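Participant:
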């Protein structure tokens, strides 16, 4: 690889000297910005014009390969760019003007930051002479976004625009990915400078030259020893597996060692749910047998996860008997929550493939059988739970979507009860088919993010699953979907409550449903008003027909599923409790 | 980051027992770009690190700022803080020099009330600590002293009896040394 990289570097140097002179042109900053975006391979931008970003929008019409999507709120631009980035692995780009435009991006950038997705945000800024003078629509967006971006830039002069764009893409993509913001004063966009197209290295060129190193041999051998000695090991796969495209490596590692695999919320679809070694999702709403397995495990191999508090519950009682092999690309994640016996700072793909080489084939079937017996016991107990059989049920909705799409759809969920039902009861088999806001838990994420997902995978079916609270937070994006001619299927699990908060009020606040009952529009009429198709489903037996009907209709479809109003997500671990201490659904006496 | 494969006897950052804090000196080299120092200070703020002193000044390398920060925290929290500092794009280097052989100095400018009777006493007390007289009026004496934080604290205690009307301290700056000479010996002035 090193030789290839060197050859490429030499080649590009020769290429540079011969071509550079004829390519150097004097251009306005706004054009240089577009040129650099084109060179980075950008095809899509989500944004909203305004005063200080107008020179950029003026230049944009000269670059037909840059397809701009006009969102209805800048927050949606950031989520759409994030959704696009999560689904494709490419950098999502969003654009906004200064002041309110830029501050509206904040929630989207924080969402991308918490879930480590590569996003580049370009914001207009007031002209340099006005900065710091409380000019119209001036906000110190560098200061505002400093703690929620991987890095941010203020472009000080037109000459540095191209370098900064390429550096921003490099930072967004390399190591642990994250959002980067570029703040461009209006006069910097207007001023002219000489543009040297090949003077700066693109992020692609940079990443070709900087290959992730293999973990040190002593770490691998120590990890190998721990794996060989362990009786009750578990693999916990997080978002890092998806970000580094390490599906095949995880598969090979799990199969060779026969270690049961747990996928975290953001790790869902990193490993097929149908695989016999897959046991489920851990943490606050994970099935009982998964949390119980963690409780008795003697080794946890954590790959690309950060032991979030929703996964660990009370840290001192999380995996109390286990030693930890922690693989993560970010050194600051090591020992942050759990002390790792073997900390491996590496890319998940590289580390898993190296680790697979050092381990011996093993059979941990006895351990897997034990976990499966707990699972069977739990399933048997749940048979006794009395259920409402008339209203559409969340599990049935997820299963109907799965059946209708043959598991080939990409599911984008919002935040709340439906998110947990979807995570638990959709059978994830297509790699990276689960897109959700995990770390920040941003309501209103799903619809705009799905727009980005659909544009990244135009030939795939994209389903949004959202609650009636979250869907109303960015419902205006139906207009954008319609304007772009995009087809996204939306399932609203409508219970007339902010369901997850109501569930907490039920368990921890003595049923004091303070400000959780919520009304909504007539979604069928709303869909009609936006020019898309709407349906309402109030009977359980209608679920499948409705889902199949939605799949046959061209264009965006909204299905308003009127579900039971006070259904809870089970099991549940109270915040701060040990994950083995779960609130479970109790079988009731049949009347 | 050094990785030991021996069982690690340490706490995770999230489970540090209270009351184990001590003061650590960190040297952070950052690129002189807009917002670079902000990011370092912002990170200290976000982590609720108790920052005792913070000194910012250019370094021997053009375009690089040397930040010397003293923070009070548990050792594992400081390790984590360093890893997070190293993640900042502008940070070139971040080291904890507390356990290394290093020299730490602080500059203090002390303006003391004086009269004809106390003037010589004040100057004499200052001289014991290597202080120079920078300015002198019938009512005040201005002393300049460069020493360790502890020495400066001692001098201030000594001068309090005369009445300190103004005090300016730079906060510690630190540098590692190549030799392993006894630090304390060097510091006693």
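Protein chains in written order, with our numbering: chain P, 893 to 1483; chain L, 155 to 343. Quick reminder that beta carbons are idealized off the backbone N, C-alpha and C, glycines included. Bear in mind that the values here come from a model prediction, so they are computed numbers and not experimental data.
Would residue 1321(P) pass as a contact of residue 1299(P) if the rule is Cβ separation under 7 Å?
Facilitator: Cβ atoms of residue 1321(P) and residue 1299(P): closer than 7 Å.
Participant: Expressed to the nearest angstrom, what Euclidean distance is found between the alpha-carbon atoms of residue 180(L) and residue 301(L)?
Facilitator: When rounded, the distance between both Cα atoms is 19 Å.
Participant: From which residue to which residue does the alpha helix (DSSP H) around residue 319(L) run?
Facilitator: Counting along the chain, residue 319(L) falls outside any alpha helix (DSSP H), though it belongs to the beta strand (DSSP E) covering 318-323.
Participant: Should residue 319(L) go down as buried or exposed, given a rule of 16 or more other Cβ atoms within 10 Å for buried?
Facilitator: With fewer than 16 Cβ atoms within 10 Å of its Cβ, residue 319(L) is classed as exposed.
Participant: Determine the DSSP secondary structure at residue 224(L), reduced to helix, strand or coil.
Facilitator: Reduced to three states, the DSSP call for residue 224(L) is strand.
Participant: Going by DSSP, what residues sit across from residue 180(L) in a beta bridge?
Facilitator: Partner(s): 223(L), 250(L).
Participant: Could you pull the start and end residues of the alpha helix (DSSP H) that residue 283(L) belongs to?
Facilitator: Here residue 283(L) belongs to no alpha helix (DSSP H), and DSSP marks it neither H nor E.
Participant: Could you have a look at residue 943(P) and say whether DSSP puts it in helix, strand or coil?
Facilitator: Helix, per DSSP.
Participant: What does a CB cutoff of less than 6 Å around residue 1223(P) pick up in its chain, not counting 5 residues either side in sequence?
Facilitator: Counting only Cβ-Cβ distances below 6 Å, and skipping sequence neighbours, we find 1237.
Participant: Any beta-carbon of chain P closer than 7 Å to the one on residue 101(L)?
Facilitator: What the structure shows of chain L is the stretch from 155 to 343, and residue 101(L) is not part of that stretch, so it cannot be assessed.
Participant: Indicate the three-state DSSP secondary structure (helix, strand or coil) for residue 938(P) in the structure shown.
Facilitator: Three-state DSSP puts residue 938(P) in a strand.
Participant: Could you name each continuous beta strand (DSSP E) segment of 3 residues or more that falls completely within the segment 1229-1283 of chain P, going from the start of the chain to the end?
Facilitator: With a minimum length of 3 residues, the continuous beta strand (DSSP E) runs that stay inside the segment 1229-1283 of chain P are 1234-1237.
Participant: Exposed or buried, which one is residue 1194(P) when buried takes at least 16 other CB atoms within 10 Å?
Facilitator: Buried, since its Cβ has 16 or more Cβ neighbours within 10 Å.
Participant: Would you check if the distance between the CB atom of residue 1256(P) and the CB atom of residue 1151(P) is smaller than 7 Å?
Facilitator: Against a cut-off of 7 Å, the Cβ pair of residue 1151(P) and residue 1256(P) comes out as a contact.
Participant: With contact counted as at least three CB pairs below 8 Å, one residue from each stretch, are the segment 940-953 of chain P and the segment 977-997 of chain P in contact?
Facilitator: The segment 940-953 of chain P vs the segment 977-997 of chain P: in contact.
Participant: List the residues of chain L whose Cβ lies closer than 8 Å to the Cβ of residue 1038(P), in chain order.
Facilitator: What residue 1038(P) touches in chain L: 189, 192, 193, 196.
Participant: Do we get a CB-CB distance below 7 Å when we pair residue 1107(P) with the residues of chain L?
Facilitator: By this cut-off, residue 1107(P) is not an interface position.
Participant: Leaving out the 5 sequence neighbours to the left and right, which residues in its chain are closer than 7 Å to residue 1296(P) when beta-carbon positions are compared?
Facilitator: Cβ neighbours of residue 1296(P) beyond the five flanking positions: 1439, 1440, 1443.
Participant: Just to check my reading of the structure: residue 1470(P) and residue 1209(P) have Cβ atoms closer than 8 Å, yes? What is that Cβ distance to the nearest angstrom?
Facilitator: Confirmed, about 4 Å.
Participant: So is residue 241(L) in contact with chain P if we call contact Cβ pairs under 7 Å?
Facilitator: At least one chain P Cβ lies under 7 Å of residue 241(L).
Participant: Please report whether the beta-carbon of residue 1171(P) lies at a distance below 7 Å from any beta-carbon of chain L.
Facilitator: Judged by the 7 Å Cβ criterion, residue 1171(P) is not in contact with chain L.
Participant: May I ask you to report which of helix, strand or coil DSSP gives residue 258(L)?
Facilitator: Residue 258(L) falls in the strand class under three-state DSSP.
Participant: I need the DSSP call for residue 1086(P), collapsed to helix, strand or coil.
Facilitator: Residue state, collapsed to three classes: strand.
Participant: Hey, would you say residue 1386(P) sits closer than 7 Å to residue 1360(P), going by beta carbons?
Facilitator: Contact flag set, yes.
Participant: Using DSSP with H/G/I as helix, E/B as strand and the rest coil, what is residue 310(L)?
Facilitator: Correct three-state label for residue 310(L): helix.
Participant: Under 7 Å between C-beta atoms, does residue 1021(P) make it to chain L?
Facilitator: Not an interface residue.
Participant: Does chain L have any CB closer than 7 Å to the CB of residue 1148(P)?
Facilitator: It does not; no Cβ of chain L falls within 7 Å.
Participant: When Cβ atoms are compared, which residues of the segment 198-230 of chain L fall closer than 8 Å to chain P?
Facilitator: Result list: 200, 230.
Participant: Can you pull the chain L neighbours of residue 1484(P), defined as C-beta to C-beta under 9 Å?
Facilitator: Past the boundaries of the shown model lies residue 1484(P); chain P is included only from 893 to 1483, so the question cannot be answered.
Participant: Looking at chain L, is there any beta carbon in it that lies within less than 7 Å of the beta carbon of residue 1223(P)?
Facilitator: So, interface residue.
Participant: So residue 1381(P) contacts chain L; which residues on that side make the cut at Cβ distance below 7 Å?
Facilitator: Here the premise fails: no neighbours, minimum Cβ distance about 39 Å.
Participant: Below 6 Å CB to CB, which residues in the same chain sit around residue 1014(P) once its five sequence neighbours on both sides are set aside?
Facilitator: Around residue 1014(P): 987, 1074.
Participant: Going by other Cβ atoms of all chains shown within 10 Å of its Cβ, with 16 needed for buried, is residue 1136(P) buried or exposed?
Facilitator: When all chains shown are included, residue 1136(P) counts as buried.
Participant: With respect to the alpha helix (DSSP H) encompassing residue 917(P), which residues constitute its N-terminal and C-terminal limits?
Facilitator: Per DSSP, residue 917(P) belongs to no alpha helix (DSSP H); it is in the beta strand (DSSP E), 917-920.
Participant: Can you list, in chain order, the residues of its chain whose CB lies under 6 Å from that of residue 1479(P), leaving out five sequence neighbours each side?
Facilitator: Cβ within range, chain order: 1276, 1277.
Participant: Have a look at residue 160(L) and residue 1232(P) and give me their C-alpha separation to the nearest angstrom.
Facilitator: In this prediction, residue 160(L) scores a pLDDT of 48, lower than 50, which makes its location untrustworthy; no coordinate-derived value is stated.
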